[in-house]
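Numbering (our numbering), first residue to last: 32 to 631.
#1: Using DSSP with H/G/I as helix, E/B as strand and the rest coil, what is residue 489?
#2: CB-CB under 6 Å to residue 221, same chain, minus the five flanking residues each way: which ones, in chain order?
#3: Hey, quick one: how far does the beta strand (DSSP E) through residue 172 stretch, first residue to last?
#4: Does any C-beta atom of chain B lie closer than 8 Å to the C-beta of residue 259?
#5: As a quick exercise: from 540, 559, 554, pick the residue whose alpha carbon is nearest that of residue 570.
#6: Could you tell me whether any non-hydrogen atom of the ligand COA is closer than 7 Å to the CB of residue 51?
#7: Helix, strand or coil: which one does DSSP assign to residue 496?
#8: Looking at residue 249 and residue 217, is the spacing between their C-beta atoms short of 8 Å?
#9: How many whole angstroms separate the CB atoms of residue 374 and residue 334, which I take to be in contact at a CB cut-off of 8 Å?
#10: Just to confirm the assignment, what range does the alpha helix (DSSP H) spanning residue 632 have?
#11: Write down every uninterrupted run of the beta strand (DSSP E) in the stretch 180-207 whose length is 3 residues or greater and which is fully enclosed by it, in chain order.
#12: Taking residue 439 as part of the beta strand (DSSP E), name the residues at either end of that continuous run.
#13: Can you tell me whether residue 406 is buried or exposed, with buried defined as 16 or more other CB within 10 angstroms of its CB?
#14: Could you spell out the range, first to last residue, of the alpha helix (DSSP H) harbouring residue 52?
#15: So, for residue 360: in the same chain, excluding its five sequence neighbours on each side, which residues have a beta-carbon less than 6 Å away from its beta-carbon?
#16: Taking DSSP as the reference, what is the three-state secondary structure of residue 167?
#17: Is residue 495 buried or exposed, if buried means 16 or more other CB atoms sit within 10 Å of its CB?
#18: Report the three-state DSSP secondary structure of residue 42 (helix, strand or coil).
#19: Tell me, which residues are paired with residue 391 by DSSP?
#20: Checking 8 Å against the spacing of the C-beta atoms, do residue 50 and residue 137 come in under that value?
#21: Buried or exposed, going by whether 16 or more other CB atoms sit within 10 Å of the CB of residue 498?
#22: Residue range of the beta strand (DSSP E) that residue 293 falls in?
#23: Is the CB-CB distance between residue 274 and residue 92 below 8 Å?
#24: Do residue 289 and residue 94 have their CB atoms nearer than 8 Å?
#25: Leaving out the 5 sequence neighbours to the left and right, which residues in its chain are closer than 8 Å to residue 389 when beta-carbon positions are compared?
#26: Would you call the stretch 462-469 and the stretch 529-549 in contact, with 3 or more CB pairs under 8 Å?
#27: What separation, rounded to the nearest whole angstrom, lies between the Cα atoms of residue 33 and residue 125?
#28: Check for me: the beta strand (DSSP E) holding residue 281 runs from which residue to which?
#29: On the three-state DSSP scale, how would you describe residue 478?
#30: Just how far apart, CA to CA, sit residue 316 and residue 258?
#31: Could you spell out where the beta strand (DSSP E) holding residue 147 opens and where it closes?
#32: If you measure between the beta carbons of residue 194 and residue 167, is that distance less than 8 Å?
#33: By the three-class DSSP mapping on this structure, what secondary structure does residue 254 have?
#34: Alpha carbon to alpha carbon, how far is residue 512 from residue 432?
#35: Starting from residue 454, follow the alpha helix (DSSP H) in both directions and report where the run begins and ends.
#36: Residue 571 by DSSP, collapsed to three states: which one?
The structure is reproduced here in structure tokens:
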């Protein structure tokens, strides 16, 4: 059993691709947690998706035993976190289980937008921060400049910034000593009733819900009864353990320690992330604060291509939500796509990852509708209702106004691209706030802009226009009344809800024209002419026609009077007219998928 004074709990936080996972690998290697034979890159990234994309999606905790230069033994609980803005909720949850953070910056890139966002999260959580400049071995590295920028953000001097290379291992020993000296030991009462925070969990087919916990007060013992306070669930502890990173069963977790807990519970709703675990016999009366509910930023419909898979999709979402508590969903029906779910995500990358995980891990084939944000409609009756999909928007006659979510945007860019960035943001209805120079070569721009203008391709455009040098971070900033309309797409006069969207009035014609042009190419020709129309209310703003397949009904009619041919053609024309009135337009699944990838 390790005394709390010899425990250090910390996260590694940074902007995406600044070397968090590689640094975690070096710390594991240097402390002997993993043998050289078992070592592989991105040791804490366990999902195939993380390895393929080279990014961290899920936070991961591991215990390291370290002997300091003075010969004293310490227990490090390291939590590797994601860097992308869409997974900042994972970072905030991880920081709640720590007393300190290692803030990593790329020596060639310097301070980026997500570096600042993560630093502010750590500061707000009252954590002690160790600033680290990584990748000092790169030819383009400028560690002095990066250290000066870090010192400017956190206060202090550039001399306090530790310079390391996670690739070569340079400076790792100095960082390990700094963790011992600079980070505080966990504060907790070993004699108080048990209080442990569930900071993450996942579902195991054989063992049920596996919870990652941080013991704040008291201790938790194997085979003893515990209570999950939010659901008042009393169960026995089946298994306690830690990760090194291989799992290792233990008998007890004490104050300040991090590990996993298995109770054999199979019902997913009974154990929640952010819940407090206490002892049944001597329970605490003070639950831990837990976490704020994450607010989804982007909504999309997920529909199984095979309608029989609806229940499998529901079960898969339930299990995935245990592992990703930022996921929000509710059942919805589409005339075109059948039964599915309207799912809320933290961003487009989050949406892409969730969809890919559902398809890979649960063997589902899905169609995702175009992403939209959550609007609010103010009705003439004085009521305000949420609008999570275009179909939820009431008729214009019943509404006074529509509000859309705005975000505060922070962009860090080289000075030479300031004009380009300003032009791009102004095209997306952004309003400029302040601009500050981090150094003569780099500027930080603050804007307020609609979230809907960001979720499609803003980040891609920003990267391409700045040759990949700009970085972006954003956070919610309330709602504002805007001139928004719903553009409906009609096939043969019938609205197809999957293609409808809510856009600013200025961009309605552009969206409508692009969508009907795309559908004209994608939908196969029918036996009758099919009008494809974009409409706002009852007003048509764009139209294309899919011409009918033509069968030559006069092929066997040769010679004789011309009226015989005319009679056959008239009969065909009348048949097409009747078919157009009652015929259904068949839209193949591939057309839905291709049309919903429309680049605006």
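Every residue gets a Cβ at the ideal spot worked out from N, C-alpha and C, and that includes glycine.
Walking through what the data contain:
#1: Looking up residue 489 in the chain shown gives position 458. Helix.
#2: For this step, residue 221 is matched to residue 190 along the chain shown. Same-chain partners within the cutoff: 286.
#3: Here the question's residue 172 lines up with position 141 in the chain shown. No beta strand (DSSP E) holds residue 172; DSSP gives it neither H nor E.
#4: Considering every chain present, this structure includes no chain B. It has just one protein chain.
#5: Counting from 1 along the chain shown, the entry for residue 570 is found at position 539. Checking every option, the nearest Cα to that of residue 570 belongs to 540.
#6: Here there are no bound small molecules, and the ligand COA is not part of this structure.
#7: Within the chain shown, the letter at position 465 stands for residue 496. Residue state, collapsed to three classes: helix.
#8: Position 186 of the chain shown, counting from 1, holds the residue named residue 217. Position 218 of the chain shown, counting from 1, holds the residue named residue 249. No, they are not a contact pair.
#9: Against the chain shown, residue 374 aligns to sequence position 343. Against the chain shown, residue 334 aligns to sequence position 303. At roughly 11 Å, the Cβ-Cβ gap does not stay under 8 Å, so residue 374 and residue 334 are not in contact.
#10: Past the boundaries of the shown model lies residue 632; the chain is included only from 32 to 631, so the question cannot be answered.
#11: none
#12: On the chain shown, residue 439 is found 408 positions in, with the first residue counted as 1. From DSSP, the beta strand (DSSP E) with residue 439 extends over 430-445.
#13: Along the chain shown, read from residue 1 onward, the residue named residue 406 stands at position 375. Residue 406 is buried by the Cβ-count criterion.
#14: As a position in the chain shown, residue 52 is number 21, starting the count at 1. Taken as a continuous stretch (DSSP letters only), the alpha helix (DSSP H) holding residue 52 covers 51-61.
#15: To locate residue 360, count along the chain shown from 1; it is residue 329. Answer for residue 360: 348, 372, 374, listed in chain order.
#16: Taking the chain shown and counting its residues from 1, the one referred to as residue 167 is at position 136. Coil, per DSSP.
#17: As a position in the chain shown, residue 495 is number 464, starting the count at 1. Exposed is the call here.
#18: For the purposes of this step, residue 42 is identified with residue 11 of the chain shown, where counting begins at 1. Strand.
#19: Your numbering for residue 391 matches position 360 in the chain shown. Per DSSP, none; premise fails for residue 391.
#20: Locating residue 50 in the chain shown gives position 19, where the first residue counts as 1. Locating residue 137 in the chain shown gives position 106, where the first residue counts as 1. A contact, by the Cβ cut-off of 8 Å.
#21: In the chain shown, counting from the first residue as 1, residue 498 sits at position 467. Counting Cβ neighbours within 10 Å, residue 498 comes out exposed, since fewer than 16 surround it.
#22: Working through the chain shown from its first residue, we reach residue 293 at position 262. 289-293 is the extent of the beta strand (DSSP E) around residue 293.
#23: Within the chain shown, the letter at position 243 stands for residue 274. Within the chain shown, the letter at position 61 stands for residue 92. Yes.
#24: The sequence position of residue 289 within the chain shown is 258, counting from 1. The sequence position of residue 94 within the chain shown is 63, counting from 1. The answer is yes: Cβ separation under 8 Å.
#25: The count along the chain shown starts at 1 and reaches residue 389 at position 358. Only 333, 344, 347, 348, 351, 395, 397 meet the Cβ criterion.
#26: no
#27: Taking the first residue of the chain shown as position 1, residue 33 is located at position 2. Taking the first residue of the chain shown as position 1, residue 125 is located at position 94. Approximately 22 Å between the Cα atoms of the pair.
#28: On the chain shown, position 250 is the one that residue 281 refers to. It spans 278-281 - the beta strand (DSSP E) in which residue 281 sits, taken as one unbroken run.
#29: As a position in the chain shown, residue 478 is number 447, starting the count at 1. DSSP places residue 478 in strand when its eight states are reduced to three.
#30: Residue numbering aside, residue 316 sits at position 285 when the chain shown is read from its first letter. Residue numbering aside, residue 258 sits at position 227 when the chain shown is read from its first letter. One C-alpha to the other measures close to 12 Å.
#31: Counting from one through the chain shown, the residue named residue 147 turns up at place 116. Careful: residue 147 lies outside any beta strand (DSSP E), inside the alpha helix (DSSP H) at 144-155.
#32: Numbered from its first residue, the chain shown carries residue 194 at position 163. Numbered from its first residue, the chain shown carries residue 167 at position 136. Against a cut-off of 8 Å, the Cβ pair of residue 167 and residue 194 comes out as a contact.
#33: Position 223 of the chain shown, counting from 1, holds the residue named residue 254. Of the three classes helix, strand and coil, the one that applies to residue 254 here is coil, per DSSP.
#34: Taking the first residue of the chain shown as 1, we reach residue 512 at position 481. Taking the first residue of the chain shown as 1, we reach residue 432 at position 401. Their backbone Cα atoms lie some 7 Å apart in a straight line.
#35: Position 423 of the chain shown, counted from the first residue, corresponds to residue 454. Unbroken alpha helix (DSSP H) run through residue 454: 449-458.
#36: Along the chain shown, read from residue 1 onward, the residue named residue 571 stands at position 540. If DSSP states are grouped into helix, strand and coil, residue 571 belongs with the strands.
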